[in-house]
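Heads up: the structure comes next, in structure tokens.
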Amino acid sequence: ASMTIEQNLTLAIKRGQRRGLRRGVTPHLRARFREALAQFGLGLEDRLDARVRLLSGGQRQTLTLLMATLAQPKVLLLDEHTAALDPATAHRIVTMTNDIVGQTHLTTLMVTHNMKQALEMGSRTLMMHNGEILFDFTGQERANLTVAGLLDMFAKVRQQELTDDRLLLADP
Numbered sequence: 051a052s053m054t055i056e057q058n059l060t061l062a063i064k065r066g067q068r069r070g071l072r073r074g075v076t077p078h079l080r081a082r083f084r085e086a087l088a089q090f091g092l093g094l095e096d097r098l099d100a101r102v103r104l105l106s107g108g109q110r111q112t113l114t115l116l117m118a119t120l121a122q123p124k125v126l127l128l129d130e131h132t133a134a135l136d137p138a139t140a141h142r143i144v145t146m147t148n149d150i151v152g153q154t155h156l157t158t159l160m161v162t163h164n165m166k167q168a169l170e171m172g173s174r175t176l177m178m179h180n181g182e183i184l185f186d187f188t189g190q191e192r193a194n195l196t197v198a199g200l201l202d203m204f205a206k207v208r209q210q211e212l213t214d215d216r217l218l219l220a221d222p
């Protein structure tokens, strides 16, 4: 939190390399950071020297998304990446995520409790509970899903689980 935007981006792009923050930031790299930040329209490209702790939650999440994708990983893991954000900021982050994933064709695994988001993003939806995959939806089956339908399926599985637990705990 005490590091600057530029320092965080430098660490991200030099992941796996020898890390010299000051010596590693060339004018070319600084221009690349500005260009990458400008695409988000938050004015962060003009604040490379700003401390991350001074950024809003949405700005921090935007920076985190950029840091995760700057070095062009093979897989992007998003773990509740919009959970602590207000609805408008969450929508903006989801749009940014979709843009980056679409432009780079990046394989992405998103963990979320937001059923609407789970159905709107990606091409495959897995529903898990207690470490087990309950449902795996793709194609037309996935396209036909609704939030209410997903919640109903989950409730049925949970009801069966509760019934099974009661049977195990019942006195003979």
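Numbering (this note's numbering), first residue to last: 51 to 222. Cβ atoms here follow ideal geometry from the backbone N, Cα and C, with glycine treated the same way.
- Straight-line spacing of the CA atoms in Q57 and Q67 works out to 14 Å.
- Excluding sequence positions up to five before and after L87, its CB lies within less than 6 Å of the CB of L94, E95, all in the same chain and listed in chain order.
- DSSP lists V161 as the beta-bridge partner residues of D129.
- A121 is positioned such that its CB atom lies closer than 8 Å to that of A62.
- The region 190-198 makes no contact with the region 151-161, as fewer than three CB pairs between them are under 8 Å.
- Scanning its chain for C-beta atoms nearer than 6 Å, with the 5 sequence neighbours on each side dropped, one finds around V125 the residues T157, in chain order.
- Counting other Cβ atoms within 10 Å of its Cβ, T145 stays below 16 and is therefore classed as exposed.
- Boundaries cannot be given for T196, as no alpha helix (DSSP H) includes it and DSSP labels it neither H nor E.
- The region 74-152 contains, as complete alpha helix (DSSP H) runs of 4+ residues, the segments 77-88, 107-120 (chain order).
- Distance from the CA of Q111 to the CA of E182, rounded to the nearest whole angstrom, comes to 29 Å.
- Note on Q167: 16 or more other CB atoms within 10 angstroms of its CB, so buried under the neighbour-count rule.
- Remark: C-beta atoms of I143 and H131 approach each other more closely than 8 Å.
- In the structure shown, M203 falls within a helical segment according to DSSP collapsed to helix, strand and coil.
- In this structure, DSSP gives R65 a state outside helix and strand, which the three-state scheme calls coil.
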